[in-house]
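Have a look at the structure below, then the notes.
In the numbering used here, the protein residues as written are 984 to 1318.
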């Protein structure tokens, strides 16, 4: 028997033993998901040496890209979809040779038995990669058939409850309902008079009437505008040590509250904050909306380098726009 055949036989024996030792870590037939199950393992234990960074990459191997991971490498492949026993990744994972095992002991990173079994099942199931969940286009889905549950979203919830053998909570009483919806929409509890009026309202659309009333309340914009103000990094003062007050910053805050209360469309809401002053015949309100661009930290203290802090403001503004509108962190681009 040649040395190569001996090594292959040892690998198959190790694979068989591992399969027998780790059968219970995943439900039979369970579909392993790359983003949910595999990516966290690879990111924690593999990508530092086999990822994006050329400077730290070992063996010219990338595991963060499927094409690279399954590519032929002189008769071997790091990952052979459907065949863990032929995958160098799996063989290195289960090796007891300290010069071969991955991740190397010197890194201090270890795979648990559950991690190993997850990777084995994933390779066995085809080693499919997924893009980041945020970039997967939404798909139209059909709600489960539950005639007794009219609302589509409730049918999804009810179906899962049934699978888990859980009974749904009974319908809330009217006092609880008006308290919940009032807190949700205005951030304030209902008054005793409002509770009594709803409890004693026999009309079939009593709830819808309460919702309509709350949506027209000025407190609705105050309640929900604050979430946007957090995203926009709004503050009444500059920050830093002196933290000077911004005497007219409140005008932007009030514009946001008013925008929610008058149900300004999101596209217009966006345009006015980013470029309201550039619109033809811009109104005072549209110019005030660009206060968004002045929400950055400011340093007016003696001795501050104005150009340095101007650049910092530009960076902060860019990062805020990226995270707020695109849900993407762009700060890495600074370096």
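Positions of the beta carbon are idealized from the N, C-alpha and C atoms, including for glycine.
Residue environment, residue 1033, which counts as buried when at least 16 other CB atoms sit within 10 Å: By the C-beta density criterion, residue 1033 is buried, having at least 16 other C-beta atoms within 10 angstroms.
Taking buried to mean at least 16 other C-beta atoms within 10 Å of its own C-beta, is residue 1183 buried or exposed? With fewer than 16 Cβ atoms within 10 Å of its Cβ, residue 1183 is classed as exposed.
Same chain, Cβ closer than 8 Å to residue 1106, five either side skipped, listed in chain order: Excluding residues within five positions, the ones whose Cβ falls inside 8 Å are 1062, 1063, 1064, 1065, 1066, 1067, 1070, 1072 and 1073.
Start and end of the alpha helix (DSSP H) containing residue 933? With the chain covering 984 to 1318 only, the question about residue 933 has no answer from this structure.
When you compare only the Cα positions, how much space is there between residue 1357 and residue 1243? The structure shown does not extend to residue 1357, since the chain is modelled only from 984 through 1318, so no value can be given for it.
On a CA-only basis, which of 1079, 1145 and 1060 is nearest residue 1127? Give me that one, please. With distances taken between CA atoms, residue 1127 lies nearest to 1145 out of 1079, 1145 and 1060.
Taking all protein chains shown into account, decide if residue 1309 is buried (16 or more other Cβ within 10 angstroms of its Cβ) or exposed. Classification for residue 1309: exposed.
Could you name the residues that DSSP lists as bridge partners for residue 1220? DSSP, once it has assigned bridges, lists 1228 as partnering residue 1220.
Alpha-carbon to alpha-carbon, residue 1257 and residue 1251: Each residue's alpha carbon lies about 10 Å from the other.
Is it buried or exposed, residue 1290, if we count other Cβ atoms within 10 angstroms and call 16 or more buried? The residue is exposed, with fewer than 16 neighbouring Cβ atoms inside 10 Å.
Which stretch, first to last residue, makes up the alpha helix (DSSP H) that contains residue 1146? Segment 1135-1146, the alpha helix (DSSP H) holding residue 1146.
In the DSSP assignment, what residue or residues form a beta bridge with residue 1059? Answer is 1056.
Going by DSSP in three states, residue 1268 sits in which element: helix, strand or coil? DSSP places residue 1268 in helix when its eight states are reduced to three.
Looking at residue 1300 and residue 1276, is the spacing between their C-beta atoms short of 8 Å? Using a Cβ distance threshold of 8 Å, residue 1276 and residue 1300 count as a contacting pair.
How many Å lie between residue 1235 and residue 1211 at the Cα? Each residue's alpha carbon lies about 12 Å from the other.
Among 1026, 1139, 1095 and 1153, nearest to residue 1125 - alpha-carbon criterion: If we check each option's Cα against that of residue 1125, 1139 comes out closest.
Short check: CB of residue 1317 to CB of residue 1304, under 8 Å? It is not a contact, given that the beta carbons lie outside the stated cut-off.
Here's a check: name, in chain order, each residue in its chain whose Cβ is nearer than 7 Å to the Cβ of residue 1240, leaving out the five neighbours to either side. Cβ neighbours of residue 1240 beyond the five flanking positions: 1204, 1205 and 1208.
Those residues which DSSP pairs with residue 1070 across a bridge: Answer by DSSP bridge pairing, in chain order: 1060.
In three-state terms, what does DSSP make of residue 1154? In the structure shown, residue 1154 falls within a coil segment according to DSSP collapsed to helix, strand and coil.
Compute the minimum distance between the beta carbon of residue 1120 and the heavy atoms of the ligand HEM, and state whether it is under 7 Å. The model on display carries no ligand, and the ligand HEM is accordingly not part of it.
Return the residue from the list 1174, 1173, 1110 and 1284 that minimises the CA-CA distance to residue 1226. Looking at the Cα atoms, 1284 is the closest of the given residues.
C-beta atoms of residue 1060 and residue 1077 nearer than 8 Å: Residue 1060 is not a Cβ neighbour of residue 1077, given a cutoff of 8 Å.
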